[in-house]
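Visitor: Below are the structure tokens for one structure; questions will follow.
There are 2 protein chains.
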Amino acid sequence: MATIRDVAKKAGVSVTTVSRALNGYSDVNEKTREKIKMIAQELNYSPSLLARSLVMKKTKTIGLLVSGLRIEGSKDNFTFEVLCGVNDCAGELGYELVLISTDSKKQQEKTYNQLCKERKVEGVILQGIKTDDPYLDEVLKSDIPCILIDIPIESDSVGYVTTNNKDGAQTAVEHLLNLGHKHIAMINGHSQAFVSRERLAGYQAALMKKNIPFNESYVVNGAFLEDTAERETAKLLKAHPEISALFCASDLMAMGAIRAAKKMGKTLPKELSIVGFDNIILSAYSTPSLSTIAQDRYKLGFEATKLLTNLLEGKEVEKNKVLQTTFIKRESSIENHG
Amino acid sequence: MATIRDVAKKAGVSVTTVSRALNGYSDVNEKTREKIKMIAQELNYSPSLLARSLVMKKTKTIGLLVSGLRIEGSKDNFTFEVLCGVNDCAGELGYELVLISTDSKKQQEKTYNQLCKERKVEGVILQGIKTDDPYLDEVLKSDIPCILIDIPIESDSVGYVTTNNKDGAQTAVEHLLNLGHKHIAMINGHSQAFVSRERLAGYQAALMKKNIPFNESYVVNGAFLEDTAERETAKLLKAHPEISALFCASDLMAMGAIRAAKKMGKTLPKELSIVGFDNIILSAYSTPSLSTIAQDRYKLGFEATKLLTNLLEGKEVEKNKVLQTTFIKRESSIENHG
DNA sequence: TTTATCCTCCAAAACGTTTTGGAACTGATT
DNA sequence: AATCAGTTCCAAAACGTTTTGGAGGATAAA
């Protein structure tokens, strides 16, 4: 590997001059600069980012810390799409991306700070972390700039990006109400997720607007899992046969719900309308295809990266961003003829 | 940030001793070692990997270079699952993972070597690259250790991991033959993919074994895309109404094929049996659900990482690995009553 | 007592950059 | 002739580690 010294020697100048020539400083003659550039190319020289980072104390590297990067994530692709967004934005802005994945086992060995400092990242994007995760406290105490995905907390060095979950959920439920459904249940995620609380709030707001009393037994938790949702839906529908529509806090859970309903012998969507949340790939392929609230996960990642780099470069701008959802009508929700 | 010097000063020893104490060398008194460890912890010291890498000329970092990391990849999840495998294995072995994504635009700016050297990766795993990609030549010329996914090329510094595509394809087609299908067409990917050639070979081998002549017009290319596959399937089925079964070189293309057949008014699987390849999530959810040849993409990534680290650590072992496929029977393939 | 051996420790060099604070020249202005 | 202002260059320090090649002292062996 050619170093800056090799270039300097061959060009007959000092390393200082090579450095300044290549970095576009004005105090070097254009002729020497050209010569140096030529020689650099000739020697196939490219500066060691290691050495540079060491002296500049800047790595131009951000980390995407995901808790539980598992193959199961394939089903909703949340992580992957966020990753794509982060990657694209980081690329555009000249940042490197390192992937940091943890699980509870790893978390006991290394603190958040260690993880970040070791990997020499300047800032971090956090995805897939629960509100009761011990890392969350560390993030808030640490001075490493950080953007949280789907956890609305803000501080000097912390910002967040999320979706307008309440609005989205409200839209979904209003859609069902407008179709004439009176008994609308909800399959929620779990209470350690901000998004679940928000979506529940949206569900309640929609009912309230129509003066329909909130029935607590109409809301069950499916843990954002297909199987759990299937079980819970089965129980729910058995206990409350009057239910004619379901709002699921995730499409994946809606898949579980569909399966449960089918197993009970219901014809969908005639006997049960379902609206999901996320707009995952599957939702377009299931039978019936799923009406859903689309959220832009790619943009979630992209905006998170934008916010983070702003933070890193000391720009005084908003430290949070809330994205809007889009309603997508498919086959799974139709008028109620109950 | 505390440096090694701070620790040394506070402990009243030299930096050498701190370094050697913390790195487990034997030439330091256990009492001093304990003291140093205490102080290091107290100061929340963790060594700068930058400085270390600079002097050791080792970064313990591998790169996953993916060509075209796009959101469209969500549909088959190939990249994501490989990524999970790479990530898990790298984590186990103590390597860091940086994500390098390119596209044709970026490739014109930076050569493969530049990309790798700049990012200071010791080795690379290449995924999603076509056989006519200019990077491939560079890889072979470069001395950076590299493992190719699904491109069986080997050299001193290059290995590969792939799936036994021929076997898989042959199994698929034999399954259809055993169901009594006589006119089996194939929707292949494109000629710039090794896997396509292999799968075609498997298709031909299966026919050959049953003494069925190979009919060139029965094989069309769907470019691994759902839409293209849909168009090509429609054309194919119109031109050859006798076709009763389809082997698709990817599940995604099978989805396109299913759509094409449905649009033509065919009842599936009664009028057309289909077998795919990959076992993507969708294949279990489509109607009809798709019989397919499953390949383990997670393992592809995991094994690639294992091979790469072996290469990096100079172990004299096999530089390639071929994984086996599994056949999964679902609804889309049934007996031929033509 | 001398010599050899072991145990602890350390000063200095090295890794490949960037930045600081001038130096040396040229040409123009007084 | 002396001063000033550019322009172009450079030596040396700094970043935070690891490694090399001993030094010094204590103990054991001669």
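So the protein sequences, as listed, match chains A and B. Residue 1 is where the first sequence starts when you use full-length UniProt numbering, and the numbers rise one by one after that. Residue 1 is where the second sequence starts when you use full-length UniProt numbering, and the numbers rise one by one after that. Just so it is clear, CB atoms sit at the ideal spot from N, CA and C, and this is done for glycine as well. What you are looking at is a predicted structure, and each value in this text was computed from that prediction instead of being measured.
Distance cutoff 9 Å, beta carbons only. Does ILE144 of chain A sit that close to anything in chain B?
Guide: The count along the first sequence starts at 1 and reaches residue 144 of chain A at position 144. False, the Cβ-Cβ gap to chain B never drops below 9 Å.
Visitor: Is there a C-beta anywhere in chain B that falls below 9 Å from the one on ILE71 of chain A?
Guide: Counting from 1 along the first sequence, the entry for residue 71 of chain A is found at position 71. By this cut-off, ILE71 of chain A is an interface position.
Visitor: I'd like to check one pair, LEU176 of chain A with ILE147 of chain A: are the Cβ atoms closer than 9 Å?
Guide: Residue 147 of chain A sits at position 147 when you count from the first residue of the first sequence. Residue 176 of chain A sits at position 176 when you count from the first residue of the first sequence. No, these two residues do not count as a Cβ contact at 9 Å.
Visitor: By a C-beta neighbour count over all protein chains shown, 10 Å radius and 16 as the cutoff for buried, is GLU96 of chain B buried or exposed?
Guide: Position 96 of the second sequence holds residue 96 of chain B. With 16 or more Cβ atoms within 10 Å of its Cβ, GLU96 of chain B is classed as buried.
Visitor: I want to know whether the stretch 222-241 of chain B touches the stretch 148-161 of chain B - three or more CB-CB distances under 8 Å.
Guide: Output reads no: the stretch 148-161 of chain B does not touch the stretch 222-241 of chain B.
Visitor: Do you know offhand how far ASP167 of chain A's Cα is from GLY63 of chain B's?
Guide: As a position in the first sequence, residue 167 of chain A is number 167, starting the count at 1. As a position in the second sequence, residue 63 of chain B is number 63, starting the count at 1. Straight-line Cα distance between these residues: approximately 40 Å.
Visitor: For VAL98 of chain A, return the contacting residues in chain B, with the cut-off set at a CB-CB distance below 9 Å.
Guide: Residue numbering aside, residue 98 of chain A sits at position 98 when the first sequence is read from its first letter. What VAL98 of chain A touches in chain B: THR61, GLU96, LEU97, VAL98, LEU99.
Visitor: For a minimum of 4 consecutive residues, which ranges assigned as the alpha helix (DSSP H) are wholly contained in the UniProt domain "HTH cro/C1-type" (3-50) of chain B?
Guide: List check, alpha helix (DSSP H) in window: 4-11, 15-22, 30-42.
Visitor: Which residues does DSSP list as the beta-bridge partners of ASP278 of chain A?
Guide: Position 278 of the first sequence, counted from the start, is the residue given in the question as residue 278 of chain A. BP columns for ASP278 of chain A point to A:ALA294.
Visitor: Should ARG5 of chain B be labelled buried (16 or more other beta-carbon atoms within 10 Å of its own) or exposed?
Guide: To locate residue 5 of chain B, count along the second sequence from 1; it is residue 5. ARG5 of chain B is exposed by the Cβ-count criterion.
Visitor: Once you ignore the five residues that flank VAL66 of chain A on each side, which residues in its own chain have a CB closer than 7 Å to its CB?
Guide: Numbered from its first residue, the first sequence carries residue 66 of chain A at position 66. Taken in chain order, the residues that qualify are THR79, SER101, GLN127, GLY128.
Visitor: If you follow the beta strand (DSSP E) that TYR160 of chain B is part of, which residue opens it and which one closes it?
Guide: Taking the first residue of the second sequence as 1, we reach residue 160 of chain B at position 160. Its beta strand (DSSP E) spans residues 158-163.
Visitor: Start and end of the alpha helix (DSSP H) containing THR102 of chain B?
Guide: As a working note, residue 102 of chain B is residue 102 in the second sequence. Run containing THR102 of chain B: none in the alpha helix (DSSP H); it sits in the beta strand (DSSP E), 96-102.
Visitor: At a Cβ cut of 8 Å, what residues of the stretch 111-124 of chain B count as close to chain A, listed as they run along the chain?
Guide: Within the stretch 111-124 of chain B, the residues whose Cβ lies closer than 8 Å to some Cβ of chain A are ASN113, GLN114, LYS117, GLU118, ARG119, LYS120, listed in chain order.
Visitor: Tell me the DSSP secondary structure of PHE214 of chain A in three-state form.
Guide: The count along the first sequence starts at 1 and reaches residue 214 of chain A at position 214. Coil, per DSSP.
Visitor: Find the residues of chain B that neighbour LYS210 of chain A, judging by a C-beta separation of less than 9 Å, and give them in chain order.
Guide: Position 210 of the first sequence, counted from the first residue, corresponds to residue 210 of chain A. Ordered by position in chain B, no residue passes the 9 Å Cβ test against LYS210 of chain A, which lies about 33 Å from the chain.
Visitor: Assuming LYS10 of chain A and LEU43 of chain A are in contact, meaning their beta carbons sit under 8 Å apart, how far apart are those beta carbons, in whole angstroms?
Guide: In the first sequence, residue 10 of chain A corresponds to position 10, counting from 1. In the first sequence, residue 43 of chain A corresponds to position 43, counting from 1. Between LEU43 of chain A and LYS10 of chain A the Cβ distance is about 7 Å, and since that is below 8 Å, they are a contact.
Visitor: Just checking, does the stretch 292-306 of chain A make contact with the stretch 11-28 of chain B on the three C-beta pairs under 8 Å criterion?
Guide: Too few Cβ pairs lie closer than 8 Å, so no.
Visitor: Is GLU34 of chain B buried or exposed, if buried means 16 or more other CB atoms sit within 10 Å of its CB?
Guide: Here the question's residue 34 of chain B lines up with position 34 in the second sequence. Per the 10 Å Cβ criterion, exposed.
Visitor: Which residues in chain B sit within 8 Å of ASN279 of chain A, going by Cβ to Cβ distance?
Guide: The residue labelled residue 279 of chain A in the question sits at position 279 within the first sequence. Going along chain B, no residue has its Cβ under 8 Å from ASN279 of chain A, so there is no contact; the nearest lies around 11 Å.
Visitor: Nearest to ALA261 of chain B by CA position, among B:LEU225, B:LYS120, B:ASP296, B:THR233, is which residue?
Guide: The residue you call residue 261 of chain B lines up with position 261 of the second sequence. When only C-alpha atoms are compared, the closest one is B:THR233.
Visitor: Would you mind giving the Cβ-Cβ distance between PHE247 of chain A and ALA304 of chain A, rounded to the nearest angstrom? I have them listed as a contact below 8 Å.
Guide: Here residue 247 of chain A corresponds to residue number 247 of the first sequence, with the count starting at 1. Here residue 304 of chain A corresponds to residue number 304 of the first sequence, with the count starting at 1. Not confirmed; about 27 Å, so no contact.
Visitor: So does the stretch 275-283 of chain A actually touch the stretch 252-259 of chain A, counting three or more Cβ pairs closer than 8 Å?
Guide: Short answer: they touch.
Visitor: Helix, strand or coil, according to DSSP, for GLY68 of chain A in the structure here?
Guide: Translated into the one-based positions of the first sequence, residue 68 of chain A becomes position 68. Three-state result, GLY68 of chain A: coil.
Visitor: Identify, in the order they occur along the chain, each residue of the same chain with its Cβ nearer than 6 Å to the Cβ of ILE39 of chain A, setting aside the five sequence neighbours on each side.
Guide: Here residue 39 of chain A is taken as the residue at index 39 of the first sequence, counted from 1. Answer for ILE39 of chain A: VAL7, LYS10, ALA11, listed in chain order.
Visitor: Starting from PHE80 of chain B, follow the alpha helix (DSSP H) in both directions and report where the run begins and ends.
Guide: Taking the first residue of the second sequence as position 1, residue 80 of chain B is located at position 80. Its alpha helix (DSSP H) spans residues 78-92.
Visitor: Use the C-beta contact count for LYS319 of chain B: other C-beta atoms within 10 angstroms, 16 or more gives buried, fewer gives exposed.
Guide: Within the second sequence, residue 319 of chain B is the residue found at index 319, counting from 1. Per the 10 Å Cβ criterion, buried.
Visitor: Under 8 Å between beta-carbons, which chain A residues line up against LYS75 of chain B? List them in chain order, please.
Guide: For the purposes of this step, residue 75 of chain B is taken as residue 75 along the second sequence, with counting starting at 1. Neighbours of LYS75 of chain B on chain A, chain order: ILE281.
Visitor: If you check the beta carbons only, do LEU115 of chain B and LEU99 of chain B fall under 9 Å apart?
Guide: Here residue 115 of chain B refers to the residue found at position 115 of the second sequence. Here residue 99 of chain B refers to the residue found at position 99 of the second sequence. Not a contact, by the Cβ cut-off of 9 Å.
Visitor: Does the stretch 262-275 of chain B come close enough to the stretch 296-313 of chain B that 3 or more CB-CB pairs lie under 8 Å?
Guide: Because the criterion of three Cβ pairs below 8 Å is not met, the stretch 296-313 of chain B and the stretch 262-275 of chain B do not touch.
Visitor: Which full runs of the beta strand (DSSP E) of 3+ residues lie inside the stretch 252-277 of chain A, going along the chain?
Guide: Segments of the beta strand (DSSP E) lying fully in the stretch 252-277 of chain A: there are none.
Visitor: Going by the beta-carbon positions, is the gap between SER217 of chain B and SER244 of chain B smaller than 9 Å?
Guide: The residue you call residue 217 of chain B lines up with position 217 of the second sequence. The residue you call residue 244 of chain B lines up with position 244 of the second sequence. Their beta carbons are not under 9 Å apart, which means SER217 of chain B does not touch SER244 of chain B by this criterion.
Visitor: Which residues mark the beginning and the end of the beta strand (DSSP E) in which MET186 of chain A is found?
Guide: The sequence position of residue 186 of chain A within the first sequence is 186, counting from 1. Its beta strand (DSSP E) spans residues 184-188.
Visitor: Any Cβ of chain B within less than 9 Å of the Cβ of ASN44 of chain A?
Guide: One-based indexing of the first sequence puts residue 44 of chain A at position 44. For ASN44 of chain A, the answer is yes, since a Cβ of chain B falls inside 9 Å of its Cβ.
Visitor: Which residues in the same chain have their Cβ closer than 8 Å to the Cβ of VAL322 of chain A, if we skip the five residues on either side of it in sequence?
Guide: As a first step, residue 322 of chain A must be located in the first sequence, where it is residue number 322. Same-chain partners within the cutoff: VAL161, THR162, THR163, ASN164.
Visitor: Between residue 340 of chain B and chain A, is the shortest Cβ-Cβ distance under 9 Å, so that the two count as touching?
Guide: Examination of residue 340 of chain B is not possible in this model, given that chain B is present from 1 through 338 alone.
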